[in-house]
Amino acid sequence: MKKTDLICEDFGLDNGLVKKTRYETVDLSKIVLDSENAKKIKRDEGIYYTLFSDAIVDLDKKKYDDLIMAFSNVIKEYLNLYEIKKDDLIFVVGLGNACVTPDSLGPKVVQMIDVTSHLFKMNHEHGHMQNVMALAPGVMSQTGLETVDLIKSITSKLHPKLVIVIDALASISLKRLNHTIQINNASISPGAGIGNFRKKFSQKTLGCPMLAIGVPTVVDIKALFEEAFKNIDLNLDEVMPFATEDDMIQFMVTPKEIDMNIDDLANIISRGLNKAFHNLNYY
Numbered sequence: 001m002k003k004t005d006l007i008c009e010d011f012g013l014d015n016g017l018v019k020k021t022r023y024e025t026v027d028l029s030k031i032v033l034d035s036e037n038a039k040k041i042k043r044d045e046g047i048y049y050t051l052f053s054d055a056i057v058d059l060d061k062k063k064y065d066d067l068i069m070a071f072s073n074v075i076k077e078y079l080n081l082y083e084i085k086k087d088d089l090i091f092v093v094g095l096g097n098a099c100v101t102p103d104s105l106g107p108k109v110v111q112m113i114d115v116t117s118h119l120f121k122m123n124h125e126h127g128h129m130q131n132v133m134a135l136a137p138g139v140m141s142q143t144g145l146e147t148v149d150l151i152k153s154i155t156s157k158l159h160p161k162l163v164i165v166i167d168a169l170a171s172i173s174l175k176r177l178n179h180t181i182q183i184n185n186a187s188i189s190p191g192a193g194i195g196n197f198r199k200k201f202s203q204k205t206l207g208c209p210m211l212a213i214g215v216p217t218v219v220d221i222k223a224l225f226e227e228a229f230k231n232i233d234l235n236l237d238e239v240m241p242f243a244t245e246d247d248m249i250q251f252m253v254t255p256k257e258i259d260m261n262i263d264d265l266a267n268i269i270s271r272g273l274n275k276a277f278h279n280l281n282y283y
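Numbered according to the numbering used here, the sequence shown spans residues 1 to 283.
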């Protein structure tokens with residue numbers, strides 16, 4: 001089975017569920033997945049947004065700013081859906097291993113989130129700011145803990161109104177690598193895209209509403225070969241008859257510019273979140 005975390009790459013998805021729009025230079029799709037359709041594609045029901053832009057590849061300021069605005073607007077929709085008020089606590093969680101570049105998106109975003117919960121606790125003047133805290137909890141190989149259990153222990157103590165989880169994802173298409181931001185209020189399973197399944201983050205496991213934000217930073221090598229051979233009308237099984245799923249299951253590919261891509265993506269996501277939370281502008 002090809003490894004993808006993106007709902008837009010689910011071949012069993014009914015295209016009639018996809019509502020496509022455009023914000024300036026950004027393509028957006030919205031999918032409201034009910035329980036029946038969720039079962040068909042083995043995903044959790046919820047609202048899924050996908051944003052597609054080549055902003056970080058083209059290094060175009062307008063595209064860059066358009067993506068920040070489009071992303072921020074989607075986040076605001078979810079904040080309105082959950083009726084988040086300024087003094088309601090939002091908990092931003094950056095999943096991933098900060099020492100592994102393609103997996104470091106979450107921790108890098110957290111570094112740039114404007115946290116304010118300490119100001120609320122000290123009764124300092126916070127004006128129009130949202131009540132926000134953030135954490136990069138590391139990965140199981142660093143802590144020995146299931147990350148969802150660690151975060152659940154915090155949510156059960158501090159009772160945030162919303163948890164926002166950010167993670168790097170896997171895709172089956174080169175054109176989506178570092179071009180796509182997926183947002184949903186259903187769930188996220190760390191490591192699922194590369195076959196390293198950990199406990200799922202969801203409203204059920206956390207005990208409060210959650211959003212999952214992800215960007216594909218790696219592609220399955222088998223999917224990469226299939227895409228390349230398809231363009232020259234060759235079949236992978238014919239070219240590599242002895243290459244099995246097990247042979248390639250450990251191999252994922254990432255662009256050579258991934259360090260710069262991650263920095264740009266973390267900047268876009270953090271600025272979009274800060275704008276949605278605090279109405280901050282950086283232009």
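Heads up, the beta-carbon is just placed ideally off N, CA and C, and yes, glycines get one too.
C-beta contact flag for residue i and residue j at 7 Å
i: L265; j: V215; result: yes
i: G94; j: V110; result: yes
i: Y64; j: L162; result: no
i: I56; j: N267; result: no
i: T101; j: I269; result: no
i: A170; j: D5; result: yes
i: L33; j: G46; result: yes
i: K204; j: S189; result: no
i: L211; j: Y49; result: no
i: T25; j: D66; result: yes
i: M133; j: S153; result: no
i: L51; j: I31; result: no
i: G106; j: D149; result: no
i: L273; j: P160; result: no
DSSP three-state assignment for residue i, whether helix, strand or coil
i: F71; result: helix
i: R271; result: helix
i: R176; result: helix
i: A136; result: coil
i: N80; result: helix
i: I153; result: The sequence given here places Ser at residue 153; Ile does not occur at that position. Three-state result, S153: helix.
i: L89; result: strand
i: M112; result: coil
i: S141; result: helix
Residue i, buried or exposed, once every other Cβ within 10 Å from all chains shown has been counted against 16
i: K157; result: exposed
i: Q182; result: buried
i: Q290; result: Nothing about residue 290 can be reported from this structure: the residues present for the chain run from 1 to 283 only.
i: E9; result: buried
i: S53; result: buried
Beta-ladder partner(s) of residue i, from DSSP
i: S171; result: V219
i: A212; result: V165 and N184
i: K20; result: S29
i: T50; result: S29 and Q182
Residue i beta carbon near the ligand FAD (any heavy atom closer than 6 Å)
i: N123; result: Looking for the ligand FAD in the displayed structure turns up nothing, as the structure carries no ligands at all.
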